[in-house]
Each structure stands twice: as C-alpha cells, then as structure tokens.
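**Q** Chains as they are written, first to last, in the working numbering: chain A, 29 to 253; chain B, 29 to 253; chain C, 29 to 253; chain D, 29 to 253. Here a beta-carbon is modelled for each residue, glycine too, at the ideal position from N, C-alpha and C. Sharing a structure with you now.
4 protein chains.
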Amino acid sequence: MTPLKKSESKRKRILNAAMIIFAKEGINKGTIASIAQEAEVGKGTIYEYFKSKEEIFEEMLNEFFQNMLLDWQGLNDLEIPTIKKLEKIFEYTFEYLSLIDEQNFHQLIIIIEIMLYAMRKDLSKSTQIDLGKILRKLYKIIEPIIGDGIKEGVLKEIDKEYFTFILFSSLDGIALHYYFQRNYIDVDKLKAYSMEIFLNGILKNKRSTNKSKTTGFWGVGSLPK
Amino acid sequence: MTPLKKSESKRKRILNAAMIIFAKEGINKGTIASIAQEAEVGKGTIYEYFKSKEEIFEEMLNEFFQNMLLDWQGLNDLEIPTIKKLEKIFEYTFEYLSLIDEQNFHQLIIIIEIMLYAMRKDLSKSTQIDLGKILRKLYKIIEPIIGDGIKEGVLKEIDKEYFTFILFSSLDGIALHYYFQRNYIDVDKLKAYSMEIFLNGILKNKRSTNKSKTTGFWGVGSLPK
Amino acid sequence: MTPLKKSESKRKRILNAAMIIFAKEGINKGTIASIAQEAEVGKGTIYEYFKSKEEIFEEMLNEFFQNMLLDWQGLNDLEIPTIKKLEKIFEYTFEYLSLIDEQNFHQLIIIIEIMLYAMRKDLSKSTQIDLGKILRKLYKIIEPIIGDGIKEGVLKEIDKEYFTFILFSSLDGIALHYYFQRNYIDVDKLKAYSMEIFLNGILKNKRSTNKSKTTGFWGVGSLPK
Amino acid sequence: MTPLKKSESKRKRILNAAMIIFAKEGINKGTIASIAQEAEVGKGTIYEYFKSKEEIFEEMLNEFFQNMLLDWQGLNDLEIPTIKKLEKIFEYTFEYLSLIDEQNFHQLIIIIEIMLYAMRKDLSKSTQIDLGKILRKLYKIIEPIIGDGIKEGVLKEIDKEYFTFILFSSLDGIALHYYFQRNYIDVDKLKAYSMEIFLNGILKNKRSTNKSKTTGFWGVGSLPK
DNA sequence: AATGAATGAGCTTTCATTCAT
DNA sequence: GATGAATGAAAGCTCATTCAT
C-alpha cells in the first residue's frame, strides 16, 4: 500500500470523501474531481496520497472492513453472557438500520458497491483483494459466541461454522432488502421476528433435533449429504 | 405459436448480451460496443431498439425480474402440499447455487449490479425504476405459501409478511456470501442447515411461542416497539 | 501495425498533419488536439485510425522512411552512368536544401525528431523500432553505385560500405548544420565544395593511396590500433 | 583558487542532473522532480537557481557549448604543427565515439536534443537562443587551422569557411549515424577512412584543382549558380 | 432496417510551479 | 536558503450517441 506520509488527517478526509462519492455514484461514475471537491482538496492532491482511483477505492475498502472488524471485535470482548452477545448481534444490526436515514444511506450502499467490486476482482482472478478472506475473519469473530452457546448448553449442537455463516449472511441480506422496504417495515418488529425465527424457527411443533431419531420430512438426516 | 419476429429476436439478443456484459463489466464499464459485439449486431442497431444505454439496462432489469416472477409463480402454481412448497423455496435457491460455476457467475453478479443501480435510483428520487415494488411482488408470491402453512397449522402464527421478507432476504444474503466462500462451503450442508435453522431455530429448549405468556428475555413482547 | 480500414485518405491526412505538428512541436508538446485540428477531423477520429499518439508517430516515421527509400531507389534505377549517379546524390541533397524554406523546414526538423526518438527507443532496448536497420537499407541502395564506380575504375578501391556510410552521414550532418547557417551559406557553393572535397580531398599534393607504400603521416598504417 | 561557493556547486549539480535527465527523457518528458532527485536537492530548490524548466535547459545548453568551445580552443592552443592539429580534429571526434558506451550515450543524445530545441526556437523566431551563432564560434576556432594549412601550402586553396563548415558538420553527421550502427562499425576503420576521404577524396585519378582551368564535369565552374 | 465512421464531452492522470514553513 | 505539500491547467484517451449511407 501507499506509505503513509504527509498529513494523515488529509488522507482520512480523502478516503471519507471517496466513500461518500463512491456510494453516491459508484466507483466508475464517481470522479476524482468530485472526491477532491468533497474532501476540499485540489485534484492533484489526491494523487499525492493515492496512486490511482482504484487504489483509493481499495484503501477505502480496507479501512471500511478494518473498522467493521474492530466493531465486531468490540462486541466479542464485552464481558457479558454468551446469550447476551448473541442478542447483541441482532441489536447491533437493527440498531444500525434504525439509525440510517437519507443522509447516510451511502454506508449501506457502499457495502454493495464493495461486494460487487470484489466479486468482479475475484472472478478476474486478480488476487489483489480477497473479500472472501476478510469476511471469513468477520465470521471468525462471531463464531466463538456460537461455540460458547453450544458448550453452555444454550444452543443446539449445530455446526458453528455454518451457523455463523448463515446468521451473518442472512442479516446482510435482510439489511439489503430493508433498504428497499424501509418505508414499509418497522425495524423493531423486523428485529423481533428475526430473533424469533433464528432462535426458535417457524415450525409450530418442534420436532426432536436428535438426528438419529429424525425420520420425518424435515429432519437433517433425510437431507442429501 | 407466433414465432418471434426477426426484430423481436434481435431485441432479445441485445438484452441478453447486455446482461452478460453488464454482469462482467458493470453498467458503466460495459460498453455499447461490447454489447453490440456480444449480440452480433451493429452498434447503431442497438439504438434502433433502445434509446440509451440506461434504457437497455432498465429493460434488461425488467426482463430479469419478469422471469424471476414467472419462475417463482411457477412454484406457487404447483399442485403440491404447502409444506412441500416451502421446501421447494430452499431447494430452488440452493440448487441454483450448486449449479452456478465460473461460467455463469454473472447471473449472480447481475443481481447485485441491479440492486446497486436501483438503490441509487431510489436515493436520487428518480422514480423511473422501483425495485422495491418489484420485490414486493416477489414477496407476495411467496407469502400465500406461508399463509397456507399457518392456516394448515404447520407453521406458527407468525406475521406472514415479515416472515416472507426475512426468508427471502436471508436467502438472498446467503447466496451473496456464498459467492465468496464457494470453495469452502458445501451447498448441500448449507441447505440442510439453513432449513434446520429457519424451521427449528437454534435454541436447544424451545420456549413457548405464545406471545401472551412470554415474559422472558427472548420474548417478542419484551422488545421495544 | 493497425490494419488499414475506413478511409485511407483520411489516414494519410492524419499522418500528414502529425508530421507537421510533430515537426513544429515535437512528439511530446504536439497534441492530439492540434493534429486533429490540422487534419480537420475530430479528436476521437484519430483513435479510429491509430491506437495511441506513439503509434501515430511510428506510422509517420515508417511512412517517412518508406518514401525516402523509394526516392533513393528511384535514383538507383536511373539508366545513367555510375559517375552521374554519384553526382545525383549530391544534387538531390543540395537541391532539397535549396528548395526548403520557412514553410517546409518541418521536413528537416522531423528527421531529427525521428532520430532522437529512435535513439531513445534504441537505448531503452525497446525493439519496436529499429532505425539502424532502416538506415542500413538506405545505405544499401547507395552502396552499389560506389561498387560500380570502383569496378569501372573511376573510384579508388575504398571499402564501399564505409564510404557509403561516411558519405551518407556526412551529407546528413551538412544538411543539419545548414539549417542553422542557411542565411550565411550559399547552397550552390556548398554543393560544389562538398563534391570537390569528397571526390578530391583537400590535400594539395596527392599522396599515394597504395597502403603498402604508405609510411607517412596520413597513412592508414600509422593510425592507432 | 577560490573554491566554488556551496550555492554554486549546487547550481552545477542541478545543471549536470538536468543534462542526464534531459538526455534520457527529453526536455518534455524529463521532469523537474527527476532532476531534483538526480541532483539530490529538493524540488523547490531548483527554483531558487532557475526561473523555469526552460531556463534550466538553456543554461545547460550554454554550459554544454561553453565546455565544447573550451575543448576545441584547447586543441587550437596546442603548440603543434598545423597538420597535426587537423589530425587531432579527427582523433578527438573518433576517440570520443570509441569511448562512449551504453552508460554515456546520453552525451550523444543531448546534442541532438539541443539541436532540435534550437531549430524550433529558431523557427519560431524566438531570439533567446541562437545556436547558429554558437556553432559559428566553434567553426571560427577550427578555421584558422585550415587557414594555416593553406598558407603553409599543405592544403589546397579551398574556401576555408566552407571547408570548416563541411568538415565540422560531416563529423557531426558521422557521429550521429554511428550511434545507430555502433555494433556494425569499427571506429578505427571509420576514422582511417574518414581521414582518407577528406584528405584525398575518392576519385582514382586526381584532376586539377586549379579552378580557372577546370572546365570538366566536376569543376565548380560548371555548377549551377 | 442496419450499420459503423465520426465525434466531442468528459474522464484520469501528470507535472511545472508556488508558497508556507 | 531549502524544502516538499498542494494545486489546477492541460493532455491522452474512451465511448455514448448521431447520422449518412
């Protein structure tokens, strides 16, 4: 990466401006000129801190996930019961959704922009950026919470890797779709129902989760390996 | 059946080419020239069928969701038990994931591209495209399945609108994240665990879902409105 | 090279404009915009015919030497006595100098521009352009004239390769310096003296050119190894 | 001797760096930044010594020719026979060529860069730099050698101005072309043949050089005015 | 109807020059 | 004096769109 030099705060200002512009316009339509204007620096100044538009994007992306990792790590470090942590995951997510408004939707959009960018980079085998790896780091932060929950006997003996993945990606999908239905959906109800579903499922009569005994339709045992 | 008019088939060819190019390159980097080449028509010809690049994208977007609606409608029209239909939702999703490979990832990418496009259109209040509305149509197709499940006593008396939303968007998120972990995740296991979670939750000891009686921690009743 | 397509005449017009601009301003200061203006085409049109500014320069360079080769070849093909051909070499050169004026000095300058460009390309080992080879082709056209002169007994038994090289490069140097002294030098006198010197040398008393007998100061034998 | 002031040595360092950079990259592609780096001074420092990039180039140019003048003057001041001086002219030239290698070709290139620059300045009537005048000074240093040679009866009664011009510019052209054929040409042979040609010409049977008697083909009298 | 040659607006990037320290 | 961070003018190049054929 570009070595840090000159004013670090100016560098941050540019990255922040870039996030706003890239969210609003996308990496392609968003121009260096507009980033410069947003950051209140000269167009040339940007190139003192970054080699290219693409580098700005990738640095912003790193910064973005770096912060995300720290945020989630902070949750994990809390000295609260496992079950509380699990609850916090939902709370964090939906609190975030409840707080965003027309002014900062760009934070929601930039995630999609980044994912799209990363998908294409991934597909073109350009290994410069590996979002999959970054995401796995995120999963790994959540995973111990699930693990503890199982150990403590609160959670079923579910594969914690898969569950973390499903939980995390589901919340991501909910947030994404929420964007489009934000005027029709109540975040609190969404949170309550999401927790209810993930924790208790939707079947009325809970069947045994003891796989060996499961013979019915929904049993995991009957699924293809 | 009336065969497609020559001009009609050419229109489809262009839209199809556009999907491939836009998926691969994005709406901005993807060029009219490359779409023309992919569709094997002249560059000028495209403007006989569409007013602008943006119109191509939006027509493609409509086509895309039109097909999606038909697909899901097809599921709904099947004469199978409600519970089977619910299962089919998972099966469709994960079968789709199991079939995509390096050659047709663009189908996964184009959804994100479209969502991103729609988010920005939405944010800029340009009402030309309303993906939220299209998605609600999709939800509405699934919703009766849930409704029937409740009526038949198979499912809990959960709010069917919210549940549909949560189910649909969760599966979307799972598919999105699956892209990045496709080399680390087994689709069949992912499907099995997803179904298990959504249907039975992850708590070991199922608590009462009778809201009126819920006073404990996880109860919906205790959540802030 | 770029395949010929579209209007060949337009391509020529661009190359011609490029020669004028590059001569006047150099390859770096000369802009695509000014070439476009000179050629009376749009800026974008140039990129329909050439991939880059550098390609324009190199195509112009090729065209330039292609024509030069044809010109000199034309001289060689004349059915005139050898000695006349030798004379023509001088005549061509100085006639050229006598005809250039403020309006077409660019033809003189472009040669230097090309040489400079080629020197740097050569130094950077970029083998795309090999002016040395092109020049050797030019020498090879002149060489037979010298060879015939020797065979016919008109010229001394001088190494025809080296003589050709010396003659050609000397005339080039004379033309180059002539540019700076054009207001002080009479082309006709310059021609006459040049011929006199090259043909008869400047020593008053001709010494033997029989190397074996040369013991004096100027003999080749006395030169440092 | 007074030691160079610190500032003076820095000025020289910049000019020297400029020569290297301008030779390698040309006046346009060569950047102030790279000159500063090569000179190991700050970018801003350069503007303490020179008003602009162009001024650097012109100062370097002056320095370059100043040194050249001194070199040639040194030759003239030698207390050796006229004929020896004439020989030295060739020796200097070809010794120079024999010594240059891949590491210092830039000294050869910078001459062309300067000439090109001067040609354009000249053409644009910008009188700031007059290379023609500088070259005439150079010629004037050589000229007396020829004059002495004629007086001493060693050389023919040739116009010494024209001869000096022809000799000097020819050697320049030879050096220029030598660059491109350096892998194919032996400098010692080139020197020997050059001397042979300039001193004795290439005609086998020397004709009279007495102009008044010349009526034949090669006579000056028969040349077009 | 179909085409692709032509175009200029608009983009990224470079770099000579300035100026506060 | 010496410096290098800051800058905007200017350049190469791309590409959506037009339009004559």
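Check whether the stretch 107 to 124 of chain C and the stretch 98 to 115 of chain D touch, using three or more Cβ-Cβ pairs below 8 Å as the test.
**A** No, they do not touch.
**Q** In chain order, what residues of the same chain lie with their CB nearer than 7 Å to the CB of I137(C), ignoring the 5 residues before and after it?
**A** Result list for I137(C): A51, in chain order.
**Q** Is the distance from the Cβ of L103(C) to the Cβ of Y120(C) below 8 Å?
**A** Going by C-beta atoms, L103(C) is nearer than 8 Å to Y120(C).
**Q** Under a CB-based cut-off of 8 Å, is V248(A) close to chain B?
**A** With a pLDDT of 30 at V248(A), under the threshold of 50, the modelled position of this residue cannot be trusted, and the question is left open.
**Q** Which same chain residues, not among the five before or five after E185(D), have their C-beta less than 7 Å away from its C-beta?
**A** If we look at E185(D) and ignore the five residues flanking it on each side, its Cβ neighbours are I178.
**Q** Using a beta-carbon distance below 8 Å, is S222(A) in contact with chain B?
**A** With 8 Å as the cut-off, S222(A) counts as an interface residue toward chain B.
**Q** Please list the terminal residues of the continuous alpha helix (DSSP H) segment that includes R164(C).
**A** Its alpha helix (DSSP H) spans residues L159 to K179.
**Q** Whole alpha helix (DSSP H) runs in the stretch 87 to 127 of chain D with 4 or more residues, listed along the chain?
**A** 110 to 127, all fully within the stretch 87 to 127 of chain D.
**Q** Would M143(B) count as contacting chain A if we go by Cβ distances under 8 Å?
**A** Closer than 8 Å to some Cβ of chain A, the Cβ of M143(B) qualifies, so yes.
**Q** Can you grab the Cα-Cα spacing for the pair D216(C) / Q135(C), in whole Å?
**A** Answer to the nearest angstrom: the Cα atoms are 20 Å apart.
**Q** Output needed for F122(C): all residues of its chain with C-beta closer than 7 Å, excluding positions within five of it in sequence on either side, in chain order.
**A** Contacts found: V215, L218 and K219.
**Q** Take the Cβ of Y77(D) as the centre, count every other Cβ of all protein chains shown within 10 Å, and call the residue buried at 16 or more, exposed below.
**A** Buried is the call here.
**Q** Measuring CB to CB, does G70(D) end up less than 8 Å from I202(C)?
**A** The answer is no: Cβ separation not under 8 Å.
**Q** Three or more C-beta pairs closer than 8 Å, one from the stretch 191 to 201 of chain B and one from the stretch 161 to 178 of chain B: is that the case here?
**A** The stretch 191 to 201 of chain B vs the stretch 161 to 178 of chain B: in contact.
**Q** Just to confirm before moving on: does the CB-CB distance between G160(A) and F133(B) stay below 8 Å?
**A** Against a cut-off of 8 Å, the Cβ pair of F133(B) and G160(A) comes out as no contact.
**Q** Whole angstroms is fine: what's the gap from S37(D)'s alpha carbon to N44(D)'s?
**A** Whole-angstrom Cα-Cα distance: 10 Å.
**Q** Using a Cβ cut-off of 8 Å, pull out every chain A residue sitting near M147(B), in sequence order please.
**A** Within 8 Å Cβ-Cβ: F133, L136, I137, I140, Y207 and F208.
**Q** Find the nearest neighbour of D129(C) within the set F118(C), R210(C), I140(C) and K188(C), judged by alpha-carbon distance.
**A** Of the candidates F118(C), R210(C), I140(C) and K188(C), the one whose C-alpha sits nearest the C-alpha of D129(C) is R210(C).
**Q** So, does the CB of I120(A) fall closer than 8 Å to a CB anywhere in chain B?
**A** The sequence given here places Tyr at residue 120(A); Ile does not occur at that position. No, Y120(A) lies away from the interface with chain B (no Cβ there is under 8 Å from its Cβ).
**Q** Residues of chain B with CB under 7 Å from K217(A), in chain order?
**A** The answer, in chain order, is Y190.
**Q** Need the endpoints of the alpha helix (DSSP H) that T155(B) sits in, please.
**A** T155(B) -> no alpha helix (DSSP H), and no H or E assigned at all.
**Q** Since K57(B) meets chain A, which of its residues come closer than 7 Å, beta carbon to beta carbon?
**A** Ordered by position in chain A, the residues that pass the 7 Å Cβ test against K57(B) are N56.
**Q** Since I believe K149(B) is in contact with I139(B) (beta carbons under 8 Å), could you give me their beta-carbon distance rounded to a whole number of angstroms?
**A** The Cβ separation is near 15 Å, so there is no contact.
**Q** Give, in chain order, every residue of the stretch 82 to 109 of chain B whose Cβ lies closer than 8 Å to some Cβ of chain A.
**A** So nothing in the stretch comes that close.
**Q** Given a cut-off of 8 Å on the beta-carbon distance, is the pair A67(D) and I42(D) in contact?
**A** Result yes, Cβ atoms of A67(D) and I42(D) sit closer than 8 Å.
**Q** Which chain D residues are close to A198(C), counting only those with a beta carbon under 7 Å from its beta carbon?
**A** Contrary to the premise, residue 198(C) reads as Ser rather than Ala in this sequence. Simply S198, G201 and I202.
**Q** Name, please, each residue of chain D whose Cβ falls closer than 7 Å to the Cβ of I194(C).
**A** Simply I202, Y221, S222 and I225.
**Q** Check whether chain D comes within 8 Å of S154(C), counting only Cβ atoms and requiring the distance to be less than that.
**A** Judged by the 8 Å Cβ criterion, S154(C) is not in contact with chain D.
**Q** Measure from the C-beta of G160(D) to each C-beta in chain C and report whether the shortest distance is under 8 Å.
**A** It does: the Cβ of G160(D) has a partner Cβ on chain C nearer than 8 Å.
**Q** What's the call for N95(A), buried or exposed, on a 16-neighbour Cβ count within 10 Å?
**A** Exposed.
**Q** Alpha carbons only, please: which of L183(B), Q65(B), V182(B) and L166(B) is nearest the one belonging to H205(A)?
**A** Comparing Cα-Cα distances from H205(A) to each of L183(B), Q65(B), V182(B) and L166(B), the minimum goes to L166(B).
**Q** Are the beta-carbon atoms belonging to Y75(D) and D187(C) less than 8 Å from one another?
**A** Cβ atoms of Y75(D) and D187(C): not closer than 8 Å.
**Q** Kindly give me the distance between the Cβ atoms of E189(C) and G54(C), rounded to whole angstroms, as I take these residues to be in contact under 8 Å.
**A** Incorrect: roughly 33 Å between the Cβ atoms, too far for contact.
**Q** Determine the chain D residues that contact I213(C) at a beta-carbon separation under 8 Å, and present them in chain order.
**A** Residues of chain D passing the Cβ test: Y190 and F193.
**Q** Are there 16 or more other CB atoms within 10 angstroms of the CB of T155(A), so buried, or fewer, so exposed?
**A** With fewer than 16 other Cβ atoms within 10 Å, it is exposed.
**Q** Candidates N228(D), L163(D) and L125(D): which alpha carbon is nearest I213(D)'s?
**A** Answer by Cα proximity: L125(D).
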